[in-house]
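Shown next, in structure tokens, is the structure this report addresses.
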Amino acid sequence: MTGRPLVAILDYGIGNLHSAQKGFEHAGADARLTADPGLIRAADGVVLPGVGAFAPCMAALGRTGLDTASVDAVQSGRPFMGICVGMQVLFAGSDEAPGVSGLGMFDRMVRWIPGPVKRPQMQWNVLQRSGDHRMLAGLDDPIWAYFVHSLAPEMGDASDVVATCDYGGPVVAAVARDNVWAAQFHPEKSSAVGLQILANFVTASAAAATN
Amino acid sequence: MRVARVIPCLDVDAGRVVKGVNFVDIRDAGDPVELAARYDTEGADELVFLDITASSDRRDTTVAMARAVADEVFIPFTIGGGIRTLDDARRLLRAGADKVSVNTAAVRRPEVVSEISREFGAQCCVVAIDARSSSEAPSGYEVFTHGGRTRTGIDCLEWVAEVERLGAGEILLTSMDRDGTREGFELNLTSMVAAAVGIPVIASGGVGNLDHLVEGVTEGKADAVLAASIFHYGKHTIAEAKTRMAQAGIPVRPA
Numbered sequence: 228m229t230g231r232p233l234v235a236i237l238d239y240g241i242g243n244l245h246s247a248q249k250g251f252e253h254a255g256a257d258a259r260l261t262a263d264p265g266l267i268r269a270a271d272g273v274v275l276p277g278v279g280a281f282a283p284c285m286a287a288l289g290r291t292g293l294d295t296a297s298v299d300a301v302q303s304g305r306p307f308m309g310i311c312v313g314m315q316v317l318f319a320g321s322d323e324a325p326g327v328s329g330l331g332m333f334d335r336m337v338r339w340i341p342g343p344v345k346r347p348q349m350q351w352n353v354l355q356r357s358g359d360h361r362m363l364a365g366l367d368d369p370i371w372a373y374f375v376h377s378l379a380p381e382m383g384d385a386s387d388v389v390a391t392c393d394y395g396g397p398v399v400a401a402v403a404r405d406n407v408w409a410a411q412f413h414p415e416k417s418s419a420v421g422l423q424i425l426a427n428f429v430t431a432s433a434a435a436a437t438n
Numbered sequence: 048m049r050v051a052r053v054i055p056c057l058d059v060d061a062g063r064v065v066k067g068v069n070f071v072d073i074r075d076a077g078d079p080v081e082l083a084a085r086y087d088t089e090g091a092d093e094l095v096f097l098d099i100t101a102s103s104d105r106r107d108t109t110v111a112m113a114r115a116v117a118d119e120v121f122i123p124f125t126i127g128g129g130i131r132t133l134d135d136a137r138r139l140l141r142a143g144a145d146k147v148s149v150n151t152a153a154v155r156r157p158e159v160v161s162e163i164s165r166e167f168g169a170q171c172c173v174v175a176i177d178a179r180s181s182s183e184a185p186s187g188y189e190v191f192t193h194g195g196r197t198r199t200g201i202d203c204l205e206w207v208a209e210v211e212r213l214g215a216g217e218i219l220l221t222s223m224d225r226d227g228t229r230e231g232f233e234l235n236l237t238s239m240v241a242a243a244v245g246i247p248v249i250a251s252g253g254v255g256n257l258d259h260l261v262e263g264v265t266e267g268k269a270d271a272v273l274a275a276s277i278f279h280y281g282k283h284t285i286a287e288a289k290t291r292m293a294q295a296g297i298p299v300r301p302a
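The listed protein sequences derive, respectively, from chains A and B. For the numbering used here, count along the first sequence from 1 and bump the result up by 227. For the numbering used here, count along the second sequence from 1 and bump the result up by 47.
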């Protein structure tokens, strides 16, 4: 027992997970990159990263069985966090990949960012809080986070929206429901702000571990 | 809201930052990790490392540097210089670089842009373009390679359209006419390219004062501005740059 909550970062062969692991370590976790079902079941918190495109991410999740592991982790009630495309795959599907189903934890679609704006949004932007979720605890407004994305989830009824950003109109930046948190931006690339968000997740994981 | 990015560029030789960076209380002015962490603290939005290593073992030292920076620094960083193949890019991205930039290799074999973009996503594939004014090019600017020494005969505007089509996620545009002059960005070139593509454009080459950074965005229409010497030699801080840009009405993340 290290005293640090065990955070499993799901490694399904997509992109750069090094920063996510180091970010969670800086935030106080025993962070492991893993595809091992046993380790994922033992973890206090589970993180689903993702970069690139929706369809390859879903295909890789299916190939590695980490789609099922993600659903199981969410159903177990432990803290779970999707990041970037790892957020988008929690939704029903995406404009980017017609016919490819997401994990469906949020029952709406991911859409191209509308309007005459550059895609991707590749910049820092301000998180406009919607409600008072503990994902953003300990942060003073304005909260600046780093985004790289061309699509974003639909607003829906907005009851699960934690934050939006303004990019040609309001764009969903973070959602949460029960034990599931998700960020469209990259907390592991958002400097001190991002590390605070990761620390908030580590705190939630530690709390869940003691319950 | 479009928010302009301010990006210091660090030259790296064999895993060490060269051309002296001049922070007063830094322990080791050649340590890329220490400098990157400092620029993060100072409010830089991203970093670009330009690898100028000539030796053949460059790839290993640069991969090690990418890993060391990614261990400690939590803002995005790009590595460029000497990336020839998908495998070169893969090693740097897996080591923790957020983006790689390709220049000469893209001119020589444009498919490398598609290969990187397809495997890792367009967002991590930057195409660096060194352009020089030329009366023979239809747009007035020709693409050069090998650090601006070699003519390609390729028109700059044709090339930016081509690399966007191939899957580039961003263009790092350097005016070789202005690079090192401190006379300011080549705004005509920058605005022409920014208007021609739907992907972000980083303006580079020629920054000598803070107003040049402002012009790069207001007149050059760039999404980001890159500079080296005005930051490294302690002439200006990132905070001063952002304050000046904000005063000019440009949205920036405050330092």
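Ideal placement from N, C-alpha and C gives every residue a C-beta, glycine not left out.
From the DSSP output, which residues share a beta bridge with residue i?
i: Arg52 (chain B); result: B:Ala271
i: Ser180 (chain B); result: B:Tyr188
i: Phe121 (chain B); result: For Phe121 (chain B), which the question treats as bridged, DSSP gives no partner whatsoever.
i: Ile370 (chain A); result: A:Leu354
i: Arg198 (chain B); result: B:Phe191
i: Ile126 (chain B); result: B:Phe96, B:Val147
i: Ala412 (chain A); result: Sequence inspection shows Phe at residue 412 (chain A); the Ala mentioned does not correspond to that position. Phe412 (chain A) pairs with nothing; no bridge assigned.
i: Trp339 (chain A); result: A:Leu378
i: Arg63 (chain B); result: B:Asp60
i: Ile218 (chain B); result: B:Val174, B:Val248
i: Asp309 (chain A); result: Residue identity check: residue 309 (chain A) is Gly in the sequence provided, not Asp. For Gly309 (chain A), which the question treats as bridged, DSSP gives the partners A:Leu275, A:Ala409.
i: Gly320 (chain A); result: A:Ser328, A:Met336
Could you work out which residues of chain A lie near residue i, taking near to mean beta carbons separated by less than 7 Å?
i: Gly117 (chain B); result: The sequence as given places Ala at residue 117 (chain B); Gly does not occur at that position. By Cβ distance, chain A contributes His245, Ser246, Lys249.
i: Met48 (chain B); result: Asn352, Asp393, Tyr394
i: Asp92 (chain B); result: Trp351
When you compare the CB of residue i with every CB in chain A, is at least one pair closer than 8 Å?
i: Asp145 (chain B); result: yes
i: Gly216 (chain B); result: yes
i: Pro185 (chain B); result: no
i: Ile246 (chain B); result: yes
i: Leu204 (chain B); result: no
i: Phe96 (chain B); result: no
i: Ala142 (chain B); result: yes
i: Asp226 (chain B); result: no
i: Arg291 (chain B); result: no
i: Phe167 (chain B); result: yes
i: Arg229 (chain B); result: no
i: Arg52 (chain B); result: yes
Run through chain A and tell me which residues come within less than 9 Å of residue i, C-beta to C-beta.
i: Gln170 (chain B); result: Val278, Gly279, Pro347, Met349, Val375, His376, Ser377
i: Ala288 (chain B); result: Going along chain A, no residue has its Cβ under 9 Å from Ala288 (chain B), so there is no contact; the nearest lies around 14 Å.
i: Asp270 (chain B); result: Lys345, Met349, Gln350
i: Leu220 (chain B); result: Neighbours of Leu220 (chain B) on chain A: none; closest Cβ ~15 Å, over 9 Å.
So, does the CB of residue i fall closer than 8 Å to a CB anywhere in chain B?
i: Ser418 (chain A); result: yes
i: Leu422 (chain A); result: yes
Which bits of chain B does residue i rub up against, with CB to CB less than 7 Å?
i: Trp371 (chain A); result: Arg300
Return the chain-ordered list of same chain residues with a C-beta closer than 7 Å to the C-beta of residue i, the five sequence neighbours on each side being excluded.
i: His360 (chain A); result: Val389, Ala403
i: Val398 (chain A); result: Ile340, Ala379, Thr391, Cys392
i: Ala252 (chain A); result: Note on residue identity: the sequence assigns Glu, not Ala, to residue 252 (chain A). Contacts found: Ala258.
i: Ser222 (chain B); result: Ala178, Phe232, Glu233, Leu236, Gly252, Gly253
i: Ala242 (chain B); result: Lys268
i: Ala302 (chain B); result: Glu89, Gly90, Ile285, Ala286, Lys289
i: Phe318 (chain A); result: Gly329, Phe333, Arg335, Met336, Val337, Pro380
i: Phe428 (chain A); result: Gly272, Pro306, Met308, Trp408
Leaving out the 5 sequence neighbours to the left and right, which residues in its chain are closer than 6 Å to residue i when beta-carbon positions are compared?
i: Ala175 (chain B); result: Gly127, Ser148, Asn150, Leu219
i: Leu425 (chain A); result: Gly250, Phe251, Ala254, Pro414
i: Thr291 (chain A); result: Tyr239, Ala262
i: Ala275 (chain B); result: Cys56
i: Val120 (chain B); result: Ala83, Ala84, Asp87
i: Asp60 (chain B); result: Ile99, Thr100
i: Ser164 (chain B); result: Cys172, Gly214
Tell me which residues share the same chain as residue i and place their Cβ nearer than 8 Å to its Cβ, disregarding the 5 neighbours each side in the sequence.
i: Pro298 (chain B); result: Met48, Arg49, Val50, Ala51
i: Val261 (chain B); result: Arg291, Met292, Ala295, Ile297
i: Asp387 (chain A); result: Phe333, Val402, Ala403, Arg404
Taking residue i as the query, report the chain B residues whose CB atoms sit under 8 Å from its CB, ordered along the chain.
i: Glu415 (chain A); result: Phe121
At a CB-CB cut-off below 8 Å, which residues of chain A make contact with residue i?
i: Leu57 (chain B); result: Chain A residues near Leu57 (chain B): none, gap ~17 Å exceeds 8 Å.
i: Arg114 (chain B); result: His245
i: Asp87 (chain B); result: Ser418
Under 8 Å, Cβ to Cβ, is there at least one residue of chain D near residue i?
i: Ala254 (chain A); result: Any reference to chain D falls outside this structure, whose protein chains are A and B.
Are the region 261-271 of chain B and the region 227-238 of chain B in contact at 8 Å, needing three or more beta carbon pairs? yes
The region 278-288 of chain A contacting the region 258-268 of chain A, beta-carbon criterion three pairs below 8 Å: no
Whether or not the region 405-415 of chain A and the region 361-380 of chain A are in contact is what I'm after, with contact meaning three or more pairs of Cβ atoms, one per stretch, closer than 8 Å; do they touch? yes
With three or more C-beta pairs closer than 8 Å as the rule, is the region 291-307 of chain A touching the region 341-350 of chain A? No: the two stretches stay apart, fewer than three of their Cβ pairs being nearer than 8 Å.
With three or more beta-carbon pairs closer than 8 Å as the criterion, would you say the region 128-144 of chain B touches the region 201-212 of chain B? no
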